[in-house]
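Heads up: the protein sequence lines correspond to chains A and B, in order.
Per this note's numbering, the very first residue in the first sequence carries number 547; after that it's consecutive.
Per this note's numbering, the very first residue in the second sequence carries number 547; after that it's consecutive.
Using N, Cα and C, we set each Cβ at its ideal position, and we do this for glycine too.
For reference, the structure is listed below as C-alpha cells.
There are 2 protein chains.
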Amino acid sequence: MHDGQKNIKSAEIVTIGTEILLGDLVDTNTAWLSARLATLGVGVYRHTTVGDNRHRIADALKEAASRADLVITTGGLGPTSDDLTNECLAAVTSREMVEYAEARAHVDEMFRRFGREPTANNYKQALFPEGTELIPNPLGTAMGALLEAEGTLFATLPGVPSEMRGMFEETLQPLIRNRSDGSIISRTLWFAGIGESALAEKVQDFLDATDPTVAPLAGQGKVRLRITTRAATQEEAEERIAPVEEEILARLGEYYFGDDDETLESAVARLLQAQHSTLALAESCTGGLLAKRLTDMPGSSEYFKEGLVTYSNESKECLLGVPHEMLAEHGAVSEPVARKMAEGARKLSGADLGLSVTGIAGPDGGTEEKPVGLVFVGLSDAEVTFAERLDLSAWARSRDAIRERSANWAFDLLRHRLEERNNS
Amino acid sequence: MHDGQKNIKSAEIVTIGTEILLGDLVDTNTAWLSARLATLGVGVYRHTTVGDNRHRIADALKEAASRADLVITTGGLGPTSDDLTNECLAAVTSREMVEYAEARAHVDEMFRRFGREPTANNYKQALFPEGTELIPNPLGTAMGALLEAEGTLFATLPGVPSEMRGMFEETLQPLIRNRSDGSIISRTLWFAGIGESALAEKVQDFLDATDPTVAPLAGQGKVRLRITTRAATQEEAEERIAPVEEEILARLGEYYFGDDDETLESAVARLLQAQHSTLALAESCTGGLLAKRLTDMPGSSEYFKEGLVTYSNESKECLLGVPHEMLAEHGAVSEPVARKMAEGARKLSGADLGLSVTGIAGPDGGTEEKPVGLVFVGLSDAEVTFAERLDLSAWARSRDAIRERSANWAFDLLRHRLEERNNS
C-alpha cells in the first residue's frame, strides 16, 4: 500500500447514460460490479444513474465522493460530444484535461487493428484529467481514468460490459485487494415449497441477529436466505458462517435445494447427471418454458432427451397417447391427463423419467370449475406415475407468474423424486 | 386534476434492497418504469439504489423529492423486519404509521386465496403513513402507498416485477396522464434483417433532426427507431409524427415488422391468425425457446399446434423422421437436417407450416468445420421446404445471444414466408 493511501472499505457506482434513464437498456454492469466488490469485502451503499448531462454527472460524482472511499463510473467514455465522464471528473477534482500520449497511441493501435482510420473525434478518448493514471483497455479504444482526490479514489470505466469487466479484473481488482483489510463472505441458501413468512418464522432469531446477518428474499415460489459476515481472514469469516448455516439447514432442510447460484433446474440437472438418468418433458400451459430453462444450461443434452409441447388436445392424443375418452371425460387440465402426459413422454422418448405440466395460464380459458391458475404437474418413472394439483389462482392475472411458478413447482417435484430414488 | 396538485413533469426512481447493492439481482424494474415514464412525457433524471437501511433510504427519498415531482420506489414492502420503505416514507414526511383496515383485509383475502394462515408478521403490510392513499395489488399481499407531501408525490411499489407492473399500469399511469400538460407521443418502429449502421445510413437525415427526434437502438438481431415529439394536444403530436413515419417506412419497409410493443413472435401470430394457418416447431439448439416465446402470448393455442424439442439425434430420427443416414452423413447441424426437421414437424402435427432450428449454441461442441454459432433455420409448408444458414460465430461467447438471435431469425424467416403467402 502506498503512503497516504487509505483502505478501500466503501464504494459507490455511478452509471452514466441517457439510454439507461430512458429505459432503453437494462444496466447489468452495476450488478456485476457490486457482486465483485462484495466478494472483495468492499461495502457498496449506493448506486446512482444519471444522464449525459454535465451538471448532473458532476453532482452525482461529488455526492458519491462525499460518502465513499471508491467511486466507480461506467459509461460516457465514448468519442462523441455527449460522452462527458472524464471531463466532469476533471471539473469535480479541479483539474485540466490534458492529452495522454499513451492513450493517443492506444486509439491509433486499436484503429489499426480494426483496419480503419481514426477521425479527429476519436482522439477525444486520449484526453484525461491531469494526474490520472490510465486503466488499460485491451478490447476497445476507451481507456479508463484512475484518480485519487481528497480521500476518494475515482475510476472511470466504459459501458460496454466485456470491456468494463476486463478492466475491472485486470486493474481495479488487484488494486482494491491491495488496499483492503479483512474479508467479507456471503452464502446463499435456496428453498422451495415454503412461503417467505413461514420460512422467516422458523429462523426469526437469525434474521434478528447482526453478525452474521441473515436476509430473506422471495420470488416465484422460491425463497432464499443470505448469510453474510466480515472478518480479518476468509477462514475466520467461514468459521462464523458455518454454524449458522448448519442450524438453518437443520430447521429447513426439507425445503432446501442448493447454494449460491443453484436454480431448481440446475439442482435437477445435478441429480439427473449423478444418477445417469434421462428426462423427457410434456408441456401444455408452460409451452416450452421447462425445456427452455433446462437447455439454458450448457451440457443439457447429457440428460435431456426430448420435450413435447402438446398445446392441442390432438397432439396430447397422437403424440403422448392420452386416450380420447380421458380428455373428453376429465378435460385436458386434469389429474389423469397430467399422469398420462408424463407417462407418454417417458415411454415415447425412452427416457427414465417423464415430467408434465397441464393447466390454465390465462388470462382466458378459465371456468368456475377450472379457474385460471389451476395446474396439474405429473411425474412418471419405472416405479410410480402420479400427479399433483396446484392452485395458482391467486396469480390469475399474471400468465407469466403462473407459468414460472408451475415450472418451479414441476422442477421441485422432480427434485424430490430424484432424491427419493437416491435414497432408496 | 385536483386543486393544488401540480403537473408531473419529472420523476426519480429509488430502488430499495440490499440484494441489489450486493449484485444478487439485476434491477429490471427501473428500466421498465423509466420506459413507461418516457412515453408518458415524464423526464427521469436520476435512478438511485440503496440498501435496507433506515437512514440511507430516508436520505435517498429526501434527495429525490428535492429534485423531482414524482418519486417512485420499488422494493422493501415485504413483511419482514428489513422491509422499511413505508416506515421511511413516514419518517421523511413526518407522519405516523397507522393500520389501514382495507390493507389488513387484503392480506387476509390473499392468504385465504393461497389457502394459508397469515402470521403476525404479515399484518406489517397493513401499516402505512397516515394520509396515504393505497395502491391496490391484485397479485400480492403488498399494497403500495401514494402520498403527496411538500410538492412531491411519492409512490411505493413492491419489487416483484409482475406486481409492480400491474400496479403502475392500473393506478399510477392514469394518475400521471391526468396530471401532465401537453402530450408527448412516441412511436416505435421495429426492423429485422438489417444492422444498426446500415439502417442508420438510410435515415441519417431523420436521426439528425430535432423535432420529431428519431433514435435508433439495436439488440439481438432487431433494430428499432423511436420517433418522439411533444405538442399541446395528442392530435397535433400525431400529425407531426405521421409524415416522418411514412417516409421512414418508404425507405425501410422490407425490414419493418411492426410498431411499439410488436415482437417478431406477435407479428408471426398476427399473420398466422389472419391466414387461419397453424404452426408446428422442431427445435434443437433453441431448446424450447421458440415455443416458450409463442406461448408467452395468450391465445396462442389458436395457431400453435405443437412443439418438439428434439435435443437428441434419436428423437430427431424417431419423432421427426430425419433419416439416420442423413444425420450420419451431414451431422445434426446441417441444411438437409434443418429442412427435414421442419417438414417432419409439419407432417407429424398436421400443421400448415413447420419451422425448425438446429445449431451449435456453445460454449462447447464446436469444431473447425462447424464452429459455435453455426445455425440452420428450416421452413416447410405445402409448397416449399427450405433452410437458411446463419453465422453467429461473432457471439460464440454467449449461448444466450446465439439462442435469442436464432429464434429471432427463425421467426423473421417465417414472417417473410407468411407475407409471401399473403400476397400470392
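Fill in: Among B:Ser926, B:Val617, B:Ile730, the one whose alpha carbon lies nearest that of Thr774 of chain B
The residue you call residue 774 of chain B lines up with position 228 of the second sequence. When only C-alpha atoms are compared, the closest one is B:Ile730.
Worksheet item: Along chain A, which residues have their Cβ under 9 Å away from the Cβ of Asn668 of chain B?
Response: Reading the second sequence from its first residue, position 122 is the one you call residue 668 of chain B. Near Asn668 of chain B (Cβ distances below 9 Å), the residues of chain A are Ser743.
Discussion item. Measuring only from the beta carbon, is Asp598 of chain A closer than 7 Å to any heavy atom that is part of the ligand PLP?
Written reply: In the structure shown, the ligand PLP is absent, as is every other ligand, since no ligand is present at all.
Worksheet item: Along chain B, which residues have their Cβ under 9 Å away from the Cβ of Thr594 of chain A?
Response: Here the question's residue 594 of chain A lines up with position 48 in the first sequence. Under the 9 Å cutoff, chain B gives Arg592, His593, Thr594, Thr595.
Discussion item. Whole angstroms are fine: how far does the CA of Leu936 of chain A sit from the CA of Ile948 of chain A?
Written reply: To locate residue 948 of chain A, count along the first sequence from 1; it is residue 402. To locate residue 936 of chain A, count along the first sequence from 1; it is residue 390. So the alpha carbons of these two residues sit roughly 10 Å apart.
Worksheet item: Going along chain A, which residues have a C-beta under 7 Å from Glu565 of chain B?
Response: Taking the first residue of the second sequence as position 1, residue 565 of chain B is located at position 19. What Glu565 of chain B touches in chain A: Leu763.
Worksheet entry | Pro704 of chain B beta carbon less than 8 Å from that of Gly690 of chain B | Here residue 690 of chain B corresponds to residue number 144 of the second sequence, with the count starting at 1. Here residue 704 of chain B corresponds to residue number 158 of the second sequence, with the count starting at 1. Yes, they are a contact pair.
Worksheet item: If you draw a straight line from the alpha carbon of Pro844 of chain A to that of Val923 of chain A, how long is it in whole angstroms?
Response: Within the first sequence, residue 844 of chain A is the residue found at index 298, counting from 1. Within the first sequence, residue 923 of chain A is the residue found at index 377, counting from 1. For Pro844 of chain A and Val923 of chain A, the distance between alpha carbons rounds to 25 Å.
Practice prompt. Closer than 9 Å by beta-carbon distance: list the chain B residues that pair up with Pro789 of chain A, in chain order.
Written response: By one-based count along the first sequence, residue 789 of chain A stands at place 243. Simply none; closest approach about 22 Å.
Item to complete: Run the CB neighbour count on Ser895 of chain B, radius 10 Å, all protein chains shown included, and call it buried at 16 or more, exposed below.
Response: Looking up residue 895 of chain B in the second sequence gives position 349. Ser895 of chain B is buried by the Cβ-count criterion.
Fill in: Chain-ordered chain A contacts of Ala837 of chain B [CB-CB under 9 Å]
Within the second sequence, numbered from 1, the residue matching residue 837 of chain B stands at position 291. Correct list: Glu829, Gly833, Gly834, Leu835, Ala837, Lys838, Gly853, Val855, Tyr857.
Worksheet item: Where do the N-terminal and C-terminal ends of the alpha helix (DSSP H) with Lys893 of chain A fall, by residue?
Response: As a position in the first sequence, residue 893 of chain A is number 347, starting the count at 1. That run of the alpha helix (DSSP H) goes 881-895.
Worksheet item: Given that a residue counts as buried once 16 or more other Cβ atoms are within 10 Å of its Cβ, and exposed if not, what is Arg943 of chain B?
Response: Here residue 943 of chain B refers to the residue found at position 397 when the second sequence is read from its first residue. Arg943 of chain B comes out exposed.
Item to complete: Could you check the C-alpha separation between Asp549 of chain B and Glu716 of chain B for me, to the nearest Å?
Response: Walking along the second sequence from the start, residue 549 of chain B turns up at place 3. Walking along the second sequence from the start, residue 716 of chain B turns up at place 170. Because the pLDDT at Asp549 of chain B is just 44, under 50, the model does not fix this residue reliably, and the value given afterwards should be weighed accordingly. Roughly 22 Å between the two C-alpha positions.
Discussion item. Threshold first: 3 residues or longer. Then list the beta strand (DSSP E) segments lying entirely within the region 548-572 of chain A, N to C.
Written reply: 556-562
Worksheet item: Whose Cβ in chain A lies nearer than 9 Å to the Cβ of Val572 of chain B?
Response: Stepping through the second sequence from its first residue, residue 572 of chain B is reached at position 26. In chain order: Val572, Asp573, Thr574, Thr576, Ala577, Trp578.
Worksheet item: If we call anything under 8 Å between Cβ atoms a contact, is Ala953 of chain A one with Gly919 of chain A?
Response: Looking up residue 953 of chain A in the first sequence gives position 407. Looking up residue 919 of chain A in the first sequence gives position 373. Not closer than 8 Å, so no.
Worksheet item: What in chain A is Cβ-close to Phe714 of chain B, meaning under 9 Å?
Response: Taking the second sequence and counting its residues from 1, the one referred to as residue 714 of chain B is at position 168. Going along chain A, no residue has its Cβ under 9 Å from Phe714 of chain B, so there is no contact; the nearest lies around 12 Å.
Discussion item. If I follow the unbroken alpha helix (DSSP H) through Thr904 of chain A, where does it start and stop?
Written reply: On the first sequence, position 358 is the one that residue 904 of chain A refers to. Careful: Thr904 of chain A lies outside any alpha helix (DSSP H), inside the beta strand (DSSP E) at 899-905.
Worksheet item: Counting only runs that start and end within the region 756-821 of chain A, where is the beta strand (DSSP E) found for 3 or more residues in a row?
Response: 759-765, 768-777, 802-805
Discussion item. Counting only Cβ pairs nearer than 8 Å, list the residues of chain B close to Ser612 of chain A.
Written reply: The residue labelled residue 612 of chain A in the question sits at position 66 within the first sequence. Under the 8 Å cutoff, chain B gives no residues; its nearest Cβ is about 12 Å from Ser612 of chain A.
Worksheet item: Can you tell me whether DSSP reads Ile603 of chain B as helix, strand or coil?
Response: Counting from one through the second sequence, the residue named residue 603 of chain B turns up at place 57. Of the three classes helix, strand and coil, the one that applies to Ile603 of chain B here is helix, per DSSP.
Worksheet item: Taking the alpha-carbon positions, what's the Lys768 of chain A to Asn668 of chain B distance?
Response: Along the first sequence, one-based indexing puts residue 768 of chain A at 222. Along the second sequence, one-based indexing puts residue 668 of chain B at 122. Answer to the nearest angstrom: the Cα atoms are 18 Å apart.
Item to complete: Would you please verify whether the beta carbon of Phe850 of chain A is less than 8 Å from any beta carbon of chain B?
Response: Residue 850 of chain A sits at position 304 when you count from the first residue of the first sequence. With 8 Å as the cut-off, Phe850 of chain A counts as an interface residue toward chain B.
Fill in: Pro664 of chain A vs Asn632 of chain A beta-carbon contact at 8 Å
For the purposes of this step, residue 664 of chain A is taken as the residue at position 118 of the first sequence. For the purposes of this step, residue 632 of chain A is taken as the residue at position 86 of the first sequence. Not closer than 8 Å, so no.
Worksheet item: Roughly how many angstroms separate the alpha carbons of Gln821 of chain A and Lys851 of chain A, rounded to a whole number?
Response: In the first sequence, counting from the first residue as 1, residue 821 of chain A sits at position 275. In the first sequence, counting from the first residue as 1, residue 851 of chain A sits at position 305. Straight-line Cα distance between these residues: approximately 15 Å.
Worksheet item: Going straight from the alpha carbon of Arg659 of chain A to that of Ala764 of chain B, what length do you get?
Response: Residue numbering aside, residue 659 of chain A sits at position 113 when the first sequence is read from its first letter. Residue numbering aside, residue 764 of chain B sits at position 218 when the second sequence is read from its first letter. If you take the alpha carbons of Arg659 of chain A and Ala764 of chain B, they lie about 24 Å apart.
Discussion item. Please list the terminal residues of the continuous alpha helix (DSSP H) segment that includes Val855 of chain A.
Written reply: Counting from 1 along the first sequence, the entry for residue 855 of chain A is found at position 309. Taken as a continuous stretch (DSSP letters only), Val855 of chain A belongs to no alpha helix (DSSP H), being part of the beta strand (DSSP E) at 850-856.
Worksheet item: How is Leu685 of chain A classed by DSSP in three states: helix, strand or coil?
Response: Taking the first residue of the first sequence as 1, we reach residue 685 of chain A at position 139. Three-state result, Leu685 of chain A: coil.
Worksheet entry | Bridge partner(s) assigned by DSSP for Asp628 of chain A | Walking along the first sequence from the start, residue 628 of chain A turns up at place 82. None, per the DSSP bridge assignment.
Item to complete: Would you kindly check if the distance between the Cβ of Glu863 of chain A and the Cβ of Leu873 of chain A is under 8 Å?
Response: Taking the first residue of the first sequence as position 1, residue 873 of chain A is located at position 327. Taking the first residue of the first sequence as position 1, residue 863 of chain A is located at position 317. Yes.
Worksheet entry | Coarse secondary structure for Asp842 of chain A, derived from DSSP in three states | Against the first sequence, residue 842 of chain A aligns to sequence position 296. Residue state, collapsed to three classes: coil.
Practice prompt. Can you say whether Ala1028 of chain B is buried or exposed, counting buried as having 16 or more other CB atoms within 10 angstroms of its CB?
Written response: Any answer about residue 1028 of chain B is impossible in this case: the structure gives chain B only from 547 up to 970.
Practice prompt. Would you decide whether Arg776 of chain A is buried or exposed? Buried here means 16 or more other CB atoms lie within 10 Å of its CB.
Written response: What you label residue 776 of chain A is simply residue 230 of the first sequence in a count that begins at 1. Buried, since its Cβ has 16 or more Cβ neighbours within 10 Å.
Item to complete: For Gly690 of chain A, name the three-state secondary structure that DSSP assigns.
Response: The residue you call residue 690 of chain A lines up with position 144 of the first sequence. In the structure shown, Gly690 of chain A sits in a strand (DSSP, three-state: E or B).
Item to complete: Please report the residue range of the beta strand (DSSP E) in which Glu934 of chain A lies.
Response: Position 388 of the first sequence, counting from 1, holds the residue named residue 934 of chain A. First-last of the beta strand (DSSP E) with Glu934 of chain A: 931-937.
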